[in-house]
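Below: one structure, written as structure tokens.
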Amino acid sequence: LCGRLVVRLEGRRVDDALPGALGQLLFTYLVLNRLRRIDRDELLIAVYGEDAAPGHQARLSVLLSKLRRIIGPELLAGRTELELALLPEAFIDVEVALDALHRAESHVAKEEWASAWGPASLAYDVASRPLLRAHDRPWLDDWRHRLDGVRLSGLECLAEASLGLGGPELPQAENCARRLIELAPFRESGYRILMEALERSGNVAEALRVYDGLRVTLRAEL
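Numbering (this note's numbering), first residue to last: 126 to 347.
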């Protein structure tokens, strides 16, 4: 769902067969809410927006019929309430990113730096890609905001892990911390990691400059 929309079912690509932009919205909403049943009124607003007229129910029925033909009726269950019945092991990048961040934060809390590095990178990489870029709906904005948080937290875990590993990974910690500061200038953890990385690399004066920059920013802005 992040980056280019790609849908593979049993090894075959079906994303190009989805019924246009509205079909992409419908399918994405079903995927992101696949653990519950969704009534048609909720789907109507998700696809057509808050201003959807009653006449759009017929259009939604046509859209659902087209989607069923593409993915199979066994995957799209229900009539008045619908559910996308994917297998538990289905790969969905948004879910993978959320799970990877949870594992990364757990490893960081236990100071298991080598184990934290991989899932932190995965969470950051997935969340850095735009979610359904060409579409605009309030529920997409909510998910994008959530993924922005995953991106920042993943980058922070990556910086922490690189700092914890030390040695040749210190430049990586510095780069990640600088990127974190760039993306979230009031997130103090980025400054802390950057100062520690610089100090461990022998650049104490540069670390003090970072501290002074943070002090000035906080005084001026807050």
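Even glycine gets a Cβ: it sits at the ideal position worked out from N, Cα and C.
- In the structure shown, Asp176 falls within a coil segment according to DSSP collapsed to helix, strand and coil.
- Between the alpha carbons of Pro244 and Leu189 lies a distance of about 36 Å.
- Going by C-alpha positions, Arg194 is about 24 Å away from Cys127.
- Annotation note: the stretch 236 to 294 contains the following uninterrupted alpha helix (DSSP H) runs of length 4 or greater, listed N- to C-terminal: 238 to 252 and 263 to 290.
- Note on geometry: alpha-carbon atoms of Ile196 and Gly327 lie some 58 Å from one another.
- C-alpha of Ile306 to C-alpha of Lys191: approximately 46 Å in a straight line.
- By the beta-carbon neighbour count (other beta carbons within 10 angstroms, threshold 16), Gly315 is buried.
- Within the stretch 166 to 236, complete alpha helix (DSSP H) segments of at least 4 residues are found at 181 to 196 and 218 to 234, given in chain order.
- Cβ contact annotation for Thr342 (same chain, cutoff 7 Å, sequence separation greater than five): Pro310, in chain order.
- Under the three-state reduction of DSSP, Leu160 is assigned to coil, being neither helix nor strand.
- When secondary structure is reduced to three states using DSSP, Leu347 falls in the coil class, being assigned neither helix nor strand.
- Residue pairing by DSSP leaves Leu130 without any beta bridge partner.
- The stretch 231 to 251 makes contact with the stretch 278 to 295; the number of CB pairs closer than 8 Å reaches 3 or more.
- For Leu143, there is no enclosing alpha helix (DSSP H), since its DSSP letter is neither H nor E.
- The stretch 266 to 284 makes contact with the stretch 217 to 233, as at least three CB pairs between them are under 8 Å.
- Contact annotation: Leu283 and Tyr249 have beta-carbon atoms nearer than 8 Å.
- About 19 Å separates the Cβ atoms of Val156 and Leu226, ruling out a contact at the 8 Å cut-off.
- Arg325 is bridged by DSSP to nothing; it lacks a bridge partner.
- Residue pairing by DSSP places Arg138 opposite Arg133 in a beta bridge.
- In the assembly as shown, His232 is a buried residue. Its beta-carbon has 16 or more other beta-carbons within 10 Å.
- Within the same chain, Ile196, Gly197 and Leu200 come within 8 Å of Leu134 by CB-CB distance, once the 5 residues on both sides are set aside.
- The Cβ atoms of Leu212 and Leu130 do not sit closer than 8 Å to each other.
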